[in-house]
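For the sequence shown, the working numbering begins at 142 and goes up steadily by one.
Structure, as structure tokens:
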Amino acid sequence: MSVRLPLRIGHKEECFIVEEATEGHDVRNIAAVINSAYQKVEYLQGGVDRATFTEIQSFVSNPRQKLYLCISPSHEICGTILLDFFEKNKAEIALFAMHPDYQGYKIGPMFMNYVEEEAFKKVHAIILKVIPLFQGNLVKFYERLGYKDTGEFIDFPEEDKLRYIRPDCRDRVVFSIMQKNRIRSAL
């Protein structure tokens, strides 16, 4: 299933498509988008891919997870969001990535809004993990989208993720949990 997201860029209306990743999608293109979006993150090791082909294939085949793709008007994958239904009433958003060529045009917030609507059909709350020390602008972005800091922290990196983090940053990388709750109608 796919949905169209109309968006005005300059004087032109463009139509982006959001669809769920399937076994038929090219995992190399998906990985390239994710890795290009994460390439200038201060705490990450240079030369280490944020997402591998194997990881992407596991997201697509895991029934608990949905990997959404944003497709450009020229039919290129330009964004990703992983939705993980890890608890009965909560989902986690991860791997929110927009290719650098598509950042700054309000495509990401529209894409995120669609994925949130899909999540809220099944759960009451969505969480995401941010690293405030290194991702202050990202925290502000999520706050504009309605996410609130829960005051909860999780140590990072987890043992299997150490390869991502620069050695000089490992003791300063801590996840802060942000959450957005479904707004119930008064009717």
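From the three backbone atoms N, C-alpha and C, an ideal C-beta is built for every residue, glycine too.
Distance from the CA atom of residue 302 to the CA atom of residue 147, rounded to whole angstroms, is 37 Å.
Under DSSP, residue 147 shares a beta bridge with 156. The bridge partners DSSP lists for residue 206 are 225.
Under DSSP, residue 320 takes part in a beta bridge, and its partners are 268 and 289.
Between the alpha carbons of residue 322 and residue 292 lies a distance of about 15 Å.
One thing to note: residue 212 has its Cβ within 8 Å of the Cβ of residue 158.
Annotation for residue 275: no alpha helix (DSSP H) segment contains it, and DSSP assigns it neither H nor E. Going by beta carbons, residue 287 and residue 248 fall outside the 8 Å limit.
In its chain, beyond the 5 residues on either side, 317 and 319 have a beta carbon closer than 7 Å to the beta carbon of residue 290. Judged by DSSP in its simplified three-state form, residue 315 adopts strand. The criterion of a C-beta distance shorter than 8 Å is not satisfied by residue 256 and residue 218.
Here residue 252 is buried, its C-beta having at least 16 other C-beta atoms within 10 Å.
DSSP, read as helix, strand or coil, puts residue 245 in coil.
Taking a contact to require three or more Cβ pairs closer than 8 Å, the segment 237-246 and the segment 161-178 qualify as touching.
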